[in-house]
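K.L.:
Heads up: the sequence lines are chains A and Y, in that order.
Here the first sequence is numbered in the numbering used here, starting from 2 and rising by one per residue.
Here the second sequence is numbered in the numbering used here, starting from 2 and rising by one per residue.
Using N, Cα and C, we set each Cβ at its ideal position, and we do this for glycine too.
No experiment lies behind these values; they were computed from the predicted model shown.
Encoded as structure tokens, here's the structure I'll be asking about.
There are 2 protein chains.
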Amino acid sequence: MSAIATRLIALDWGTTSLRAYRLGEDGAVLDKRGLPWGIMNLPVVEGDFSRAAGFAKAFDEACGDWLQSSPASPLIAAGMVGSAQGWREAGYVDIPLAVAHVGKQLTHVDLGAGRTLHIVPGLLQRAALPNVIRGEETQVVGALDTRQDSDDVLIGLPGTHSKWIRVQDRIMTHFDTFMTGEVYAVLSQHTILGRTMEHREQSDPAAFERGLRVASSEEGRAGVLSNIFSSRTLGLVGQLGASSQPDYLSGLLIGHEIAALKATRAAAACTAEPHIILIGDDKLCARYRTALSLYGLTRLDIAAQATERGLWKIARQAGLLN
Amino acid sequence: MSAIATRLIALDWGTTSLRAYRLGEDGAVLDKRGLPWGIMNLPVVEGDFSRAAGFAKAFDEACGDWLQSSPASPLIAAGMVGSAQGWREAGYVDIPLAVAHVGKQLTHVDLGAGRTLHIVPGLLQRAALPNVIRGEETQVVGALDTRQDSDDVLIGLPGTHSKWIRVQDRIMTHFDTFMTGEVYAVLSQHTILGRTMEHREQSDPAAFERGLRVASSEEGRAGVLSNIFSSRTLGLVGQLGASSQPDYLSGLLIGHEIAALKATRAAAACTAEPHIILIGDDKLCARYRTALSLYGLTRLDIAAQATERGLWKIARQAGLLN
Numbered sequence: 002m003s004a005i006a007t008r009l010i011a012l013d014w015g016t017t018s019l020r021a022y023r024l025g026e027d028g029a030v031l032d033k034r035g036l037p038w039g040i041m042n043l044p045v046v047e048g049d050f051s052r053a054a055g056f057a058k059a060f061d062e063a064c065g066d067w068l069q070s071s072p073a074s075p076l077i078a079a080g081m082v083g084s085a086q087g088w089r090e091a092g093y094v095d096i097p098l099a100v101a102h103v104g105k106q107l108t109h110v111d112l113g114a115g116r117t118l119h120i121v122p123g124l125l126q127r128a129a130l131p132n133v134i135r136g137e138e139t140q141v142v143g144a145l146d147t148r149q150d151s152d153d154v155l156i157g158l159p160g161t162h163s164k165w166i167r168v169q170d171r172i173m174t175h176f177d178t179f180m181t182g183e184v185y186a187v188l189s190q191h192t193i194l195g196r197t198m199e200h201r202e203q204s205d206p207a208a209f210e211r212g213l214r215v216a217s218s219e220e221g222r223a224g225v226l227s228n229i230f231s232s233r234t235l236g237l238v239g240q241l242g243a244s245s246q247p248d249y250l251s252g253l254l255i256g257h258e259i260a261a262l263k264a265t266r267a268a269a270a271c272t273a274e275p276h277i278i279l280i281g282d283d284k285l286c287a288r289y290r291t292a293l294s295l296y297g298l299t300r301l302d303i304a305a306q307a308t309e310r311g312l313w314k315i316a317r318q319a320g321l322l323n
Numbered sequence: 002m003s004a005i006a007t008r009l010i011a012l013d014w015g016t017t018s019l020r021a022y023r024l025g026e027d028g029a030v031l032d033k034r035g036l037p038w039g040i041m042n043l044p045v046v047e048g049d050f051s052r053a054a055g056f057a058k059a060f061d062e063a064c065g066d067w068l069q070s071s072p073a074s075p076l077i078a079a080g081m082v083g084s085a086q087g088w089r090e091a092g093y094v095d096i097p098l099a100v101a102h103v104g105k106q107l108t109h110v111d112l113g114a115g116r117t118l119h120i121v122p123g124l125l126q127r128a129a130l131p132n133v134i135r136g137e138e139t140q141v142v143g144a145l146d147t148r149q150d151s152d153d154v155l156i157g158l159p160g161t162h163s164k165w166i167r168v169q170d171r172i173m174t175h176f177d178t179f180m181t182g183e184v185y186a187v188l189s190q191h192t193i194l195g196r197t198m199e200h201r202e203q204s205d206p207a208a209f210e211r212g213l214r215v216a217s218s219e220e221g222r223a224g225v226l227s228n229i230f231s232s233r234t235l236g237l238v239g240q241l242g243a244s245s246q247p248d249y250l251s252g253l254l255i256g257h258e259i260a261a262l263k264a265t266r267a268a269a270a271c272t273a274e275p276h277i278i279l280i281g282d283d284k285l286c287a288r289y290r291t292a293l294s295l296y297g298l299t300r301l302d303i304a305a306q307a308t309e310r311g312l313w314k315i316a317r318q319a320g321l322l323n
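Encoded structure:
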């Protein structure tokens, strides 16, 4: 255990994993660890099968020793731990919401011994088709931490469900969700498209780019439900090998995501090219960089350590670091 | 066994089922039967596990007795039996193709004893994104059998993969495939959307129609990959009950299918409202009728017995009924 003083213990607690950070002065990461105890995969406590017991045990394994060495450390968590299936439901705060105000409505879990875990709320966009994020709000705060942009920023978090968050004058004004990653997975694993596919370690950038271009082509008008069938038919006529089909399909879906994202921006009269910040896995961010560039969106940065920086910043907003 | 003379034995042989028809004068259906022996589910022959043996046994169970009573009857089959995984690969014929010419390129399977099974080819549309049909070409021929329309006809075959076939002056000029049914199934069974759904026997027409309207709404611009997430979020905010979510999602997908179909027609300068003929399961045709009507397409008929009428007509085209 380092002797450097702990200022905050911060948890990124999702569906399938739990990441813990011990943060020092100015949010410097002093220690971190990852555990498999996502909220849908809690550890078992002999003699007490309640979810509360599972949460408490996971919490203790994640940071019990840090807390013992530094009992006064404030505690904060973001992610699905605040969902209806989480440790305590942290609700949703409506947008528009200033980035600086995310920490104003934390939910408290009393851990006993005078200790409180503070959980970050999700965000809700009320609309004809409502939209929600949970966990990503913290990454947005982290990604914008050191930035002073006052113009239009678009933050992209590609993944199972890709999230795109529009930030104008440091106010979160709109977000979109695309189920791209999950749709790709089920199409590959459970439909006829998977039957002709061969998955290889090595990716096929040309096939990926070919897929990306479909949405903006004349054929793209037939839409995703039709275009995906071409992964099979191009194979049938000998124009797309089995091992190229996974990347082709991935490109096809991501291309439709980016094309639709542009369409929603155009409809909202967001005509200037946005400054894009991507947050996520390096390989996936690289794929999205390629896609965005092909669709003319090139003002792009990739943000690192957005979660831990966001948790620090939100704790400060909430007055936990005084 | 009826004493009325058999003129044709016709098989509709798909992936999961085999339907056999004994046809008399003018294609009148004298007998029919359904068997579970689709090409991916052939019966087992003790001592000979070859696929050829399975096909022969399924064939014998489907129509061996009819053939014994009427040994000179011509034999015809359509569907996946002519695919690469079928009894004999019947290839694909390119479109544009006149409806009257489907029977000009049948593939022959020698059954011994001077008997031949004639297999109908599939159709191929060569394009940047190629498209194929197999089995539906026979239904198109059947549906147009008694019609003398020379104007624009659009034939829809909703299902696992919905097919839409454009027929102009009795020539098949274009077709589209939408994987609507299969996408609905995997989204319901294998994604987060299924987790909040409750499936009931009774359908929910209001939820279905609500879903149908999404594609044509402002929100529809965000596309299928985004819109589907609303099945979950509308539930989350208490605006869509668990038992309404299946019909809502179904409507949402079918609405996007019809909207995209209209977009491809507009792009091809097919501006007149087409005469639509639907072929398929009654309930599904009713759902599509609702969808089409909501999207302004109301010149619509539903065709019955398209497969058996098509097989009869194609046999005539091929000279098998002389």
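Which whole runs of the beta strand (DSSP E) in the stretch 45-116 of chain Y are 3 residues long or more, in chain order?
P.N.:
Listed in chain order, the beta strand (DSSP E) elements of length 3 or more contained wholly in the stretch 45-116 of chain Y are 76-79, 93-95, 108-113.
K.L.:
With distances taken Cα to Cα, identify the nearest neighbour of Y:P122 among Y:A129, Y:A243, Y:G83, Y:R116.
P.N.:
Y:G83
K.L.:
Taking only beta-carbon atoms, is A:I156 less than 9 Å away from chain D?
P.N.:
Among the protein chains in the structure shown, which are A and Y, there is no chain D.
K.L.:
Measure from the C-beta of Y:S217 to each C-beta in chain A and report whether the shortest distance is under 9 Å.
P.N.:
no
K.L.:
Where Y:A101 and Y:I166 are concerned, what is the direct C-alpha to C-alpha distance, given to the nearest angstrom?
P.N.:
15 Å
K.L.:
Taking only runs that begin and end inside the stretch 122-209 of chain A, name each unbroken alpha helix (DSSP H) of 4 or more residues, in chain order.
P.N.:
137-145, 181-191, 193-196
K.L.:
Name the chain A residues that come within less than 7 Å of Y:H200, Cβ to Cβ?
P.N.:
The premise fails here: Y:H200 is roughly 18 Å from chain A at the closest Cβ pair, so nothing lies under 7 Å.
K.L.:
Mapping the DSSP letters down to three states, classify A:V30 as helix, strand or coil.
P.N.:
strand
K.L.:
The alpha helix (DSSP H) with Y:W313 in it runs from where to where?
P.N.:
307-318
K.L.:
So, helix, strand or coil for Y:L12, using DSSP?
P.N.:
In this structure, Y:L12 counts as strand in the three-state DSSP scheme.
K.L.:
Whole angstroms are fine: how far does the CA of Y:E26 sit from the CA of A:A216?
P.N.:
51 Å
K.L.:
For Y:S227, return the contacting residues in chain A, with the cut-off set at a CB-CB distance below 7 Å.
P.N.:
D177, T178, F179, A261
K.L.:
With burial defined as no fewer than 16 other Cβ atoms inside 10 Å of the residue's Cβ, what is the status of Y:M2: buried or exposed?
P.N.:
Low local confidence applies: a pLDDT of 48 at Y:M2 is under 50, so the model's placement there is unreliable, with the coordinate-based value given in what follows. Result: exposed.
K.L.:
Against chain Y, does A:Q246 count as a neighbour if the rule is that its beta carbon must be under 9 Å from one of theirs?
P.N.:
no
K.L.:
List the residues of chain A whose Cβ lies closer than 9 Å to the Cβ of Y:I193, in chain order.
P.N.:
T161, H162, M180, E183
K.L.:
Ignoring anything shorter than 4 residues or poking outside the stretch 242-302 of chain A, list the alpha helix (DSSP H) runs there in chain order.
P.N.:
246-268, 283-295
K.L.:
Contact between the stretch 179-195 of chain Y and the stretch 249-263 of chain Y is defined here as three or more beta-carbon pairs at a separation below 8 Å; is this criterion met?
P.N.:
Contact between the stretch 179-195 of chain Y and the stretch 249-263 of chain Y is present: three or more C-beta pairs spanning the two stretches fall below 8 Å.
K.L.:
Residues of chain Y with CB closer than 9 Å to the CB of A:P131, please, in chain order.
P.N.:
S231, T234, L235, L237, V238, Q240
K.L.:
Between which two residues does the beta strand (DSSP E) containing A:R20 stretch?
P.N.:
19-24
K.L.:
Would you verify that the beta carbon of A:T272 is, or is not, closer than 9 Å to some beta carbon of chain Y?
P.N.:
no
K.L.:
Measuring alpha carbon to alpha carbon, tell me which residue in Y:P72, Y:G80, Y:F176 is nearest Y:R116.
P.N.:
Ranking Y:P72, Y:G80, Y:F176 by Cα distance to Y:R116 puts Y:P72 first.
K.L.:
Measuring only between beta-carbons, confirm whether Y:H109 sits less than 9 Å from chain A.
P.N.:
With a threshold of 9 Å between beta carbons, Y:H109 makes no contact with chain A.
K.L.:
Does A:G236 come out as helix, strand or coil in the three-state DSSP assignment?
P.N.:
helix
K.L.:
Mind checking who A:L226 pairs with in its DSSP beta bridge?
P.N.:
DSSP lists no partner for A:L226.
K.L.:
Report the CB separation of Y:E138 from Y:L124 in whole angstroms; it is logged as a contact under 8 Å.
P.N.:
Sure, about 5 Å apart at Cβ, within 8 Å.
K.L.:
Taking the alpha carbon of A:L324 as the point to measure from, which residue in A:A260, A:L213, A:V103, A:C286 has its own alpha carbon closest?
P.N.:
An answer regarding residue 324 of chain A cannot be provided, because it is not within the stretch 2 to 323 covered by chain A.
K.L.:
Does DSSP put Y:L36 in a helix, in a strand, or in coil?
P.N.:
In the structure shown, the three-state DSSP call for Y:L36 is strand.
K.L.:
List, in chain order, every chain Y residue whose beta-carbon is nearer than 7 Å to that of A:T265.
P.N.:
R222, A223
K.L.:
For Y:H276, decide whether its Cβ has a neighbour in chain A, counting only Cβ atoms nearer than 9 Å.
P.N.:
no
K.L.:
In angstroms with no decimal places, state the Cα-to-Cα distance between A:V154 and A:A114.
P.N.:
Straight-line Cα distance between these residues: approximately 43 Å.
K.L.:
Could you confirm whether any beta carbon from chain Y is found closer than 9 Å to the beta carbon of A:L279?
P.N.:
no
K.L.:
Give a yes or no on whether the minimum CB-CB distance between Y:V187 and chain A is below 9 Å.
P.N.:
It does: the Cβ of Y:V187 has a partner Cβ on chain A nearer than 9 Å.
K.L.:
Rounding to the nearest angstrom, what Cα-Cα distance links A:I10 and A:P275 in this structure?
P.N.:
34 Å
K.L.:
Please list, in chain order, the chain A residues whose beta carbon lies closer than 9 Å to that of Y:A208.
P.N.:
Under the 9 Å cutoff, chain A gives no residues; its nearest Cβ is about 14 Å from Y:A208.
K.L.:
Given a limit of 7 Å on CB to CB distance, which residues of the stretch 93-107 of chain Y reach chain A?
P.N.:
Only those residues of the stretch 93-107 of chain Y whose C-beta falls short of 7 Å from the nearest C-beta of chain A would be listed, and there are none.
K.L.:
Around the Cβ of Y:R135, are there at least 16 other Cβ atoms within 10 angstroms (buried) or fewer (exposed)?
P.N.:
buried
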